[in-house]
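In what follows, a single structure is set out as structure tokens and then discussed.
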Amino acid sequence: MLPEVGHLAQFDLLREWVRHKYPALADSKLGDSEDAGNEAPDSSDEEDECSLKMELLPSRVLDVGDSKNSKSLRLYLSHSEGRGERGRYITLSHCWGNVDPSVKDKYCTYLCNVKDRFQGIDFDDLPKTFQNAVTVTQELGIRFLWIDSMCIIQPHKGCSKRGCDSSYDWSWEGKIMERYYGRSYCTIAATSTSDSTQGFLNPRPIRRHVTLNQSSESQLYICKNINNFRNDVEDGPLNQRGWVLQERALSCRTIHFTENQIYWECGQGICCET
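Have a look at this one:
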């Protein structure tokens, strides 16, 4: 039986997957297997160079704090005075969907609110998908999270602040987004969600099963095999978007959160919770 979504046992499994060594960035590629098991892809005994390497952080990242369950959240400038910091960060792959522009507006970073965001961001004001991404990042023990709409200063049409409608930052950062996904510790993919308000740490569908009592102390559960990477990931809502192909192809490691279970994808293969 699978653990409840967001349960400690589930995050233990994610941490175990993430600890496994992963291939060099140049070997990052799409997995092509329809079958997936729960064993993490095999790797050599020697520590992989890529797993130890601290990459340059993106220009701005979300600092989610260094403790679990912390709601301390702020935008963090990693590049100042021409010098960039190194560290581990996680990227989010998601789609906005049919979110009302006025609602989306308050989630984005603009020239008119960027200074406030350096001071702090209210966790409860974020869309559910962003909240879930913060939670997973904290549970994996990573301090920084990169979400494009919050870490790139967006052009703010109609704002009265001078220069707020400029697309300068977006034009520059958009050119190097591929670098951010390619160098991230891993990518969280909200694979089964069609918009940013749904979240991806949601209760699973009820999984029907038959229980066989083998003895007084053990039971055997028989249920339908739900390992279907093509249906859950390839044909999932997120992967119907063109730009997601680039995010997925460039990421060394991706954790796909789907309706039925979580899948892990890296250059060495695919595995899942079951």
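Mapping of the sequence shown onto the working numbering: position 24 corresponds to residue 24, and the numbering continues sequentially without gaps.
Cβ atoms here follow ideal geometry from the backbone N, Cα and C, with glycine treated the same way.
Contact under 8 Å by Cβ, residue i with residue j
{"i": "residue 151", "j": "residue 255", "result": "no"}
{"i": "residue 101", "j": "residue 78", "result": "no"}
{"i": "residue 253", "j": "residue 266", "result": "yes"}
{"i": "residue 137", "j": "residue 198", "result": "no"}
{"i": "residue 19", "j": "residue 66", "result": "no"}
{"i": "residue 74", "j": "residue 141", "result": "no"}
{"i": "residue 123", "j": "residue 131", "result": "yes"}
{"i": "residue 194", "j": "residue 237", "result": "yes"}
{"i": "residue 182", "j": "residue 92", "result": "no"}
{"i": "residue 239", "j": "residue 191", "result": "yes"}
Distance, residue j Cα to residue i Cα
{"i": "residue 133", "j": "residue 145", "result": "8 Å"}
{"i": "residue 153", "j": "residue 63", "result": "16 Å"}
{"i": "residue 22", "j": "residue 231", "result": "Confidence at residue 22 is low in this model, with a pLDDT of 45, below 50, so the placement of that residue should be treated as unreliable; the coordinate-derived value is given next. Their Cα atoms are separated by approximately 25 Å."}
{"i": "residue 95", "j": "residue 112", "result": "24 Å"}
{"i": "residue 89", "j": "residue 15", "result": "15 Å"}
{"i": "residue 177", "j": "residue 84", "result": "16 Å"}
{"i": "residue 219", "j": "residue 263", "result": "26 Å"}
{"i": "residue 158", "j": "residue 173", "result": "22 Å"}
{"i": "residue 245", "j": "residue 217", "result": "48 Å"}
{"i": "residue 188", "j": "residue 156", "result": "27 Å"}
{"i": "residue 116", "j": "residue 170", "result": "19 Å"}
{"i": "residue 71", "j": "residue 139", "result": "13 Å"}
{"i": "residue 48", "j": "residue 184", "result": "The pLDDT assigned to residue 48 is 47, lower than 50, so where the model puts this residue is not dependable; a value taken from the coordinates is nonetheless given after this. Roughly 15 Å between the two C-alpha positions."}
{"i": "residue 180", "j": "residue 211", "result": "47 Å"}
{"i": "residue 56", "j": "residue 86", "result": "4 Å"}
{"i": "residue 114", "j": "residue 76", "result": "10 Å"}
{"i": "residue 13", "j": "residue 125", "result": "29 Å"}
{"i": "residue 54", "j": "residue 175", "result": "22 Å"}
{"i": "residue 163", "j": "residue 233", "result": "40 Å"}
{"i": "residue 98", "j": "residue 213", "result": "48 Å"}
{"i": "residue 269", "j": "residue 241", "result": "23 Å"}
Buried/exposed call for residue i, threshold 16 Cβ in 10 Å
{"i": "residue 24", "result": "Note on residue 24: pLDDT 38, under 50, position unreliable in the model; no value is reported."}
{"i": "residue 127", "result": "buried"}
{"i": "residue 17", "result": "buried"}
{"i": "residue 243", "result": "exposed"}
{"i": "residue 103", "result": "exposed"}
{"i": "residue 107", "result": "buried"}
Candidates the options, of which the one nearest residue i by Cα
{"i": "residue 201", "options": "56, 142, 258", "result": "258"}
{"i": "residue 160", "options": "192, 55, 172, 110", "result": "110"}
{"i": "residue 272", "options": "229, 170, 239", "result": "229"}
{"i": "residue 60", "options": "135, 104, 148", "result": "148"}
{"i": "residue 11", "options": "135, 182, 213", "result": "135"}
{"i": "residue 165", "options": "270, 269, 105, 99", "result": "105"}
Closer than 8 Å to chain C by CB, residue i
{"i": "residue 13", "result": "The structure shown has no chain C; it contains just one protein chain."}
Next on the checklist: Extract the residue ranges of the alpha helix (DSSP H) inside the region 123–164, only unbroken runs of 4 or more that lie entirely within it.
Outcome noted: 128–139, 148–151
Item to check | Whole alpha helix (DSSP H) elements within the region 59–100, 4-residue minimum | outcome: none
Item to check | Minimum length 3: unbroken beta strand (DSSP E) runs contained in the region 160–194 | outcome: 186–189
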